[in-house]
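For reference, each letter of the sequence shown is one residue, going 8 to 89 in our numbering. Every residue, glycine too, gets a C-beta built ideally from N, C-alpha and C. For clarity, every value in this text was computed on a predicted model and none was experimentally measured.
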Amino acid sequence: MNARWVARMFLAVLLRPSLWWVTVRLVRRLARRGWWRRPPFLPLPSEAYAAFRATTQYGDPMAVPVIDDVLLWLRWSRRFPD
């Protein structure tokens, strides 16, 4: 995931207030440990986890997630509170 994709994803969530809290919850849960100590200083998941998810979703560990797929996953996740 590059910075442009992260910015587009951030904007997509920003425009959907109903997804704000589930996004915060999942970012906290999935962010790699110590994300604030390493560039790009964003709470992104580990590379291994991202590759696993890309492989299971798209069949390619280097695939970039489709924003609509991420939004669908956020909506689905919202139904399962902690």
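Check, Outcome
"Could you compute how far the alpha carbon of residue 14 sits from the alpha carbon of residue 78?", "14 Å"
"Output the distance between the C-alpha atoms of residue 88 and residue 29, rounded to the nearest integer angstrom.", "9 Å"
"Among 52, 32, 31, 33, whose alpha-carbon lies nearest the alpha-carbon of residue 41?", "52"
"Take residue 19 as the anchor and find which of 61, 64, 73 has the nearest alpha-carbon.", "73"
"Could you check what DSSP says for residue 69 in three-state terms: helix, strand or coil?", "coil"
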